[in-house]
Amino acid sequence: MVSTYPAGVQNSGSQYLPDLTLAAANRSPNQELLPLTARINHHDCLEIGGCDVTKLVQQFGSPLYILDEETLRTACRQYRDAFKRYYPGESQVLYASKAWSCLAVCTIANSEGLGIDVVSGGELYTALQAGLNPDKLYFHGNNKSLEELTLAIESGCTIVVDNWQELRTLTSLAAGEKLRAGEAGGSLAPRIMLRLTPGIECHTHEYIRTGHLDSKFGFDPNQLDEVFTFVSQQSSLNCIGLHAHIGSQIFERQPHQDLADVMVQWLDKAISYGLPVTELNVGGGLGIRYTESDDPPSVEEWVKAICEVVKDACAAQQLPLPKLLCEPGRSLIGAACVTAYTIGSSKVVPEIRTYVAVDGGMSDNPRPITYQSVYRAVVANQMSVPLTETVTIAGKHCESGDILIKDAALPQTQPGDILVVMGTGAYNYSMASNYNRLPRPAAVIVNAGEANLILRRETYQDLLRQDCLPGRLINSQFG
Ligand code: LLP
Numbered sequence: 008m009v010s011t012y013p014a015g016v017q018n019s020g021s022q023y024l025p026d027l028t029l030a031a032a033n034r035s036p037n038q039e040l041l042p043l044t045a046r047i048n049h050h051d052c053l054e055i056g057g058c059d060v061t062k063l064v065q066q067f068g069s070p071l072y073i074l075d076e077e078t079l080r081t082a083c084r085q086y087r088d089a090f091k092r093y094y095p096g097e098s099q100v101l102y103a104s105k106a107w108s109c110l111a112v113c114t115i116a117n118s119e120g121l122g123i124d125v126v127s128g129g130e131l132y133t134a135l136q137a138g139l140n141p142d143k144l145y146f147h148g149n150n151k152s153l154e155e156l157t158l159a160i161e162s163g164c165t166i167v168v169d170n171w172q173e174l175r176t177l178t179s180l181a182a183g184e185k186l187r188a189g190e191a192g193g194s195l196a197p198r199i200m201l202r203l204t205p206g207i208e209c210h211t212h213e214y215i216r217t218g219h220l221d222s223k224f225g226f227d228p229n230q231l232d233e234v235f236t237f238v239s240q241q242s243s244l245n246c247i248g249l250h251a252h253i254g255s256q257i258f259e260r261q262p263h264q265d266l267a268d269v270m271v272q273w274l275d276k277a278i279s280y281g282l283p284v285t286e287l288n289v290g291g292g293l294g295i296r297y298t299e300s301d302d303p304p305s306v307e308e309w310v311k312a313i314c315e316v317v318k319d320a321c322a323a324q325q326l327p328l329p330k331l332l333c334e335p336g337r338s339l340i341g342a343a344c345v346t347a348y349t350i351g352s353s354k355v356v357p358e359i360r361t362y363v364a365v366d367g368g369m370s371d372n373p374r375p376i377t378y379q380s381v382y383r384a385v386v387a388n389q390m391s392v393p394l395t396e397t398v399t400i401a402g403k404h405c406e407s408g409d410i411l412i413k414d415a416a417l418p419q420t421q422p423g424d425i426l427v428v429m430g431t432g433a434y435n436y437s438m439a440s441n442y443n444r445l446p447r448p449a450a451v452i453v454n455a456g457e458a459n460l461i462l463r464r465e466t467y468q469d470l471l472r473q474d475c476l477p478g479r480l481i482n483s484q485f486g
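Numbering (the numbering used here), first residue to last: 8 to 486.
Put into structure tokens, the structure is as follows:
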């Protein structure tokens, strides 16, 4: 079968290599399909971070997440530098660790000066263990448990309050803490931000503005007066700012510009209630390039667009510039990672399609089956070979829908070839499961020819680690 790949593009995996020409110098990782260090070596194999991907699979097994440190650090720096360039006030970029929470990734974000946004006690624990200063930790979530709120207060992170229930719970928890702290001679009013639902809804490539947004997150903006009144009366809470997040994998700039504009108005209102608000967090959401037709703005363009709106809106309202925060996940880490699989069996369904199966699937990347997400792949051991086949890449799970890529343009493959799926840094490991009792893959970080494990491959023993077999079941036999 001849590839149906669009005419005019190179006919091999090399078409996905990052553009390193001077003209492309301002591109950011979120505009590339492969990590910035991707090269083809003289064996026609894909190299990332100076490491031959086929050799990494020999050493660490497959499936294997391969995280390119340089790409991740570049994205962190681009965010940080863009704020420095376009925003004269204070700013802080937070890594949305829901995209991929582990010690190594949190440590890198920290070392690049980023803070971290967490959405659970587990993510908070991970970030704290990675050495994050609680001043740079922000805790989100629409249903934080008492245990999580207590951990948050004790850790000293900022709590992004989502709803009335949480506000009341936190008020009484904080009052108790304050009493205890008072006895000890200190004051522990937890820092909070209020999450508001802006009425801007994004469906990846389009957005709508509505008065009432059907979202489980955040306070309804129609209740601002009530919320601000309540918070202004709580001496046990220190409300430092406002937060909103409108969606993920967004390519337009206008929705975030509208968001920034409306948030400055809310800030003005909060100040009129006497709240000591100085921080504005516009959330995350900048999209990345999963296929050649995706064309997201660069990190710099996105940051610039937001900064300009905030500056203009503050000037118009005669407000001092707030500390401006954003919390990207996908656009920081998405393009920095690929997943390498080993190709196994295949099946030709005459006149319909050819299935080529790999040794992972929906357990290590649930995004195709969950969101119908589209990915691209290359064959790491034949990077320059013409794309003569159109095949469907199937996972190994007992589920017909376990398809990673439909109609992938590939060279002819054989069992043992290494298939690399690109753009798997965000919401892959973090959403991975043990479905069908598959052990979760290992992850390595690569840099300048060195590869180090950052997550061990799970073993069969790991799979049984939480299993309990009550004694009365042990001798229970049939009949
Ligand atoms: N802040 C908040 C409050 C969020 O809810 C999210 C993502 C982010 C920041 C980071 O957004 P990003 O920059 O990564 O777009 N599992 C889905 C994505 C869910 C995103 C949820 N919230 C996926 O795989 O596409």
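Where a beta carbon is used, it is the ideal one built from N, C-alpha and C, also for glycine.
CB of Lys105 to nearest heavy atom of the ligand LLP: below 7 Å? yes
Any non-hydrogen atom of the ligand LLP within 7 Å of Pro446 CB: no
Could you check if Gly192 is buried or exposed, using at least 16 other CB atoms within 10 Å of its CB as the buried criterion? Note that Gly192 scores a pLDDT of 46, beneath 50, so its modelled location is shaky and nothing firm can be said.
Beta-carbon within less than 7 Å of Val284's beta-carbon, same chain only, minus the 5 sequence neighbours each way: which residues are those? Cys246, Ile247, Gly248, Leu249, Leu274, Ala277 and Ile278
Quick one: complete beta strand (DSSP E) runs, 3+ long, within the region 343 to 396? Those beta strand (DSSP E) runs which fall completely within the region 343 to 396 and span 3+ residues are 344 to 356, 360 to 365 and 384 to 386.
Determine the contact status of Ser19 and Pro393, defining contact as a CB-CB distance below 8 Å. yes
Give a yes or no on contact between the region 87 to 101 and the region 119 to 126, applying the rule of three or more CB pairs nearer than 8 Å. yes
Spell out the partners DSSP gives Phe226 in its beta bridges. Leu203
Own chain residues within Cβ distance below 6 Å of Ala267, not counting five before or after: Val289, Ile313, Val316 and Val317
Distance, Phe237 Cα to Tyr382 Cα: 47 Å
Does the region 457 to 474 come within contact of the region 106 to 115, defined as at least 3 CB pairs closer than 8 Å? yes
For Cys475 and Ile481, I'd like the C-alpha separation in whole angstroms. Whole-angstrom Cα-Cα distance: 11 Å.
On the CB-based measure, 16 or more other CB atoms within 10 Å of its CB, does Thr81 come out buried or exposed? buried
Asn533 in three-state terms, based on DSSP: What the structure shows of the chain is the stretch from 8 to 486, and residue 533 is not part of that stretch, so it cannot be assessed.
Using a Cβ-based criterion (distance less than 7 Å to any ligand heavy atom), does His263 qualify as near the ligand LLP? no
Pair every Cβ in the region 407 to 417 with every Cβ in the region 26 to 35, then say whether three or more of these pairs are closer than 8 Å. Verdict: no, contact absent.
Is Pro418 a contact residue of the ligand ATP, with contact defined as CB to any heavy atom under 7 Å? By its list of ligands, the structure shown excludes the ligand ATP, since it contains just the ligand LLP.
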